[in-house]
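J.:
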Amino acid sequence: MNMFDKYTSNYDMNDPDINYKYYHSYRVMEIMEKLAITLNLSPKDIELAKVIGLLHDIGRFEQDKLYDSFKDGKFDHGDYGEKLLKETNFLKHFDILEEDYEVVYKAVKNHNKYGIENTQNERELFFSKLIKDADKLDILYVLGSDKFDMLEKDNKDDISKEIKDAFINNKLGNIKEIKTQNDKLIIPFTYIYDINFKESLKIIDKNKYYDKIYEKINNKDIFKEYIEYTNKYIAERID
Ligand SMILES: [Fe+2]
Numbered sequence: 008m009n010m011f012d013k014y015t016s017n018y019d020m021n022d023p024d025i026n027y028k029y030y031h032s033y034r035v036m037e038i039m040e041k042l043a044i045t046l047n048l049s050p051k052d053i054e055l056a057k058v059i060g061l062l063h064d065i066g067r068f069e070q071d072k073l074y075d076s077f078k079d080g081k082f083d084h085g086d087y088g089e090k091l092l093k094e095t096n097f098l099k100h101f102d103i104l105e106e107d108y109e110v111v112y113k114a115v116k117n118h119n120k121y122g123i124e125n126t127q128n129e130r131e132l133f134f135s136k137l138i139k140d141a142d143k144l145d146i147l148y149v150l151g152s153d154k155f156d157m158l159e160k161d162n163k164d165d166i167s168k169e170i171k172d173a174f175i176n177n178k179l180g181n182i183k184e185i186k187t188q189n190d191k192l193i194i195p196f197t198y199i200y201d202i203n204f205k206e207s208l209k210i211i212d213k214n215k216y217y218d219k220i221y222e223k224i225n226n227k228d229i230f231k232e233y234i235e236y237t238n239k240y241i242a243e244r245i246d
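Taking the numbering used here, the leading residue of the sequence shown gets 8, the next gets one more, and so forth.
#1: Classify N9: buried if its beta carbon has 16 or more other beta carbons within 10 angstroms, exposed otherwise.
#2: Can you pull every residue whose C-beta falls closer than 5 Å to some heavy atom of ligand 1, listed in chain order?
#3: Consult DSSP for Y33 and reduce its assignment to one of helix, strand or coil.
#4: Apply the 10 Å Cβ neighbour rule to N47 and answer buried if 16 or more other Cβ atoms are within range, or exposed otherwise.
#5: Could you give the DSSP three-state label for G80: helix, strand or coil?
#6: Indicate the three-state DSSP secondary structure (helix, strand or coil) for F68 in the structure shown.
#7: Hey, which unbroken runs of the alpha helix (DSSP H) at 4 residues or more fall wholly within the segment 189-216?
#8: State the DSSP-derived secondary structure class of Y87, mapped to helix, strand or coil.
#9: To the nearest angstrom, how far is the alpha carbon of E161 from that of N225?
#10: Check this for me: beta carbons of E74 and K81, under 8 Å apart or not?
#11: With DSSP as the reference, label G60 as helix, strand or coil.
#12: The alpha helix (DSSP H) spanning D228 covers which residue range?
#13: Please go through the same chain and pick out, in chain order, the residues whose beta-carbon is closer than 7 Å to the beta-carbon of D107, but skip the five residues on each side of it.
#14: When burial is assigned at 16 or more other CB atoms within 10 Å of the CB, is P195 buried or exposed?
#15: At which residues does the alpha helix (DSSP H) containing E109 begin and terminate?
#16: Say whether the segment 91-102 touches the segment 59-68, bearing in mind that this needs 3 or more beta-carbon pairs closer than 8 Å, one atom from each stretch.
#17: Rounded to whole angstroms, what's the CA-CA distance from I166 to I229? Just pull it up for me.
#18: In or out: K205 buried (at least 16 other Cβ within 10 Å) or exposed?
#19: Excluding the 5 residues flanking K113 on each side, which residues of the same chain have their C-beta closer than 7 Å to its C-beta?
#20: Do you know whose CA, among F68, N177, L137, lies nearest N248's CA?
#21: Report yes if the CB atom of L147 is closer than 8 Å to the CB atom of M39, and no otherwise.
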């Protein structure tokens, strides 16, 4: 049994949140591997990417146990994850070089932050960008998938000015500015502006994640211009 499975076996897999995060971790690991291969990384770095994928949300399990919630106000699961990995010397159970431990710590810490602010180191930056993309790719997959019911229900609410402005200005929407139900739904549409690698956009395009999300939306008239712009933006960037 790997150390991730061993660690998470202390949590209740019958809890839907815990169960979801467990499988999300493995899916993100697979996405990291796929991206790493596409980007022609060395076998050593492909392994590093996979470990970061598997462990990026390691802080979520304790968060859910303590707060029964994934709201990051009281508990920053990226910061907690970094601390946990360091304090338990967790990484010694994985097939990566000790000199790369800091790369994992920074990627885990950065993955849930708005932007990347905790490093200037090129390798740390690269893997922080990679995990941010992989995490978003899985969220988009889940939101558009029929197997999951994670997409918030839309309604007739207006989209708030701050969120609309972010979208228009090609910026990632800040979850702190969510005011209406429909604001929540626009945030994933702004992910495209925070995607770091063209290869990630190609995966979004190939899998038609946004079209699948749009399919699940009831008030299509409110979201039509957003989906159209999103698809146009992706097409231009991967061209
Ligand atoms: Fe996370």
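Yeah, the Cβ is synthetic: ideal placement off N, Cα and C, and Gly gets one too. Note that the structure is predicted; figures quoted are calculated from it, not measured.
T.: In short:
#1: Here residue 9 refers to the residue found at position 2 when the sequence shown is read from its first residue. Per the 10 Å Cβ criterion, exposed.
#2: Those satisfying the condition are, in chain order, D64, N119.
#3: Here residue 33 refers to the residue found at position 26 when the sequence shown is read from its first residue. In this structure, Y33 counts as helix in the three-state DSSP scheme.
#4: Numbered from 1 along the sequence shown, position 40 holds the residue referred to as residue 47. Result: exposed.
#5: Position 73 of the sequence shown, counted from the first residue, corresponds to residue 80. In the structure shown, G80 sits in coil (DSSP, three-state: anything other than H, G, I, E or B).
#6: Indexing the sequence shown from 1 puts residue 68 at position 61. Secondary structure at F68: helix, using DSSP grouped into helix, strand and coil.
#7: DSSP runs (the alpha helix (DSSP H)) wholly in the segment 189-216: 205-214.
#8: Counted from its first residue, the sequence shown places residue 87 at position 80. It is helical.
#9: The residue labelled residue 161 in the question sits at position 154 within the sequence shown. The residue labelled residue 225 in the question sits at position 218 within the sequence shown. The amino acid occupying residue 161 in the given sequence is Asp; Glu does not appear at that position. Straight-line Cα distance between these residues: approximately 7 Å.
#10: Position 67 of the sequence shown, counted from the start, is the residue given in the question as residue 74. Position 74 of the sequence shown, counted from the start, is the residue given in the question as residue 81. In the sequence as presented, Glu is not what sits at residue 74; that position holds Tyr. Cβ distance < 8 Å, so Y74 and K81 count as in contact.
#11: Taking the first residue of the sequence shown as 1, we reach residue 60 at position 53. G60: helix per DSSP, three-state reduction.
#12: For the purposes of this step, residue 228 is identified with residue 221 of the sequence shown, where counting begins at 1. From DSSP, the alpha helix (DSSP H) with D228 extends over 227-245.
#13: One-based indexing of the sequence shown puts residue 107 at position 100. Same-chain partners within the cutoff: L55.
#14: For the purposes of this step, residue 195 is identified with residue 188 of the sequence shown, where counting begins at 1. Buried, by the Cβ-count rule.
#15: Residue mapping note: residue 109 aligns to position 102 of the sequence shown, counting from 1. Note, E109: alpha helix (DSSP H), 108-117.
#16: yes
#17: Here residue 166 refers to the residue found at position 159 of the sequence shown. Here residue 229 refers to the residue found at position 222 of the sequence shown. When rounded, the separation of the alpha-carbon atoms in I166 and I229 is 9 Å.
#18: For the purposes of this step, residue 205 is taken as residue 198 along the sequence shown, with counting starting at 1. By the neighbour-count rule (16 or more Cβ atoms within 10 Å), K205 is not buried but exposed.
#19: Indexing the sequence shown from 1 puts residue 113 at position 106. Result list for K113: N125, T126, E131, S135, in chain order.
#20: Any question about residue 248 goes unanswered here, given that the chain covers just 8 to 246.
#21: Stepping through the sequence shown from its first residue, residue 147 is reached at position 140. Stepping through the sequence shown from its first residue, residue 39 is reached at position 32. No; because the gap between Cβ atoms is not below 8 Å, this pair is not in contact.
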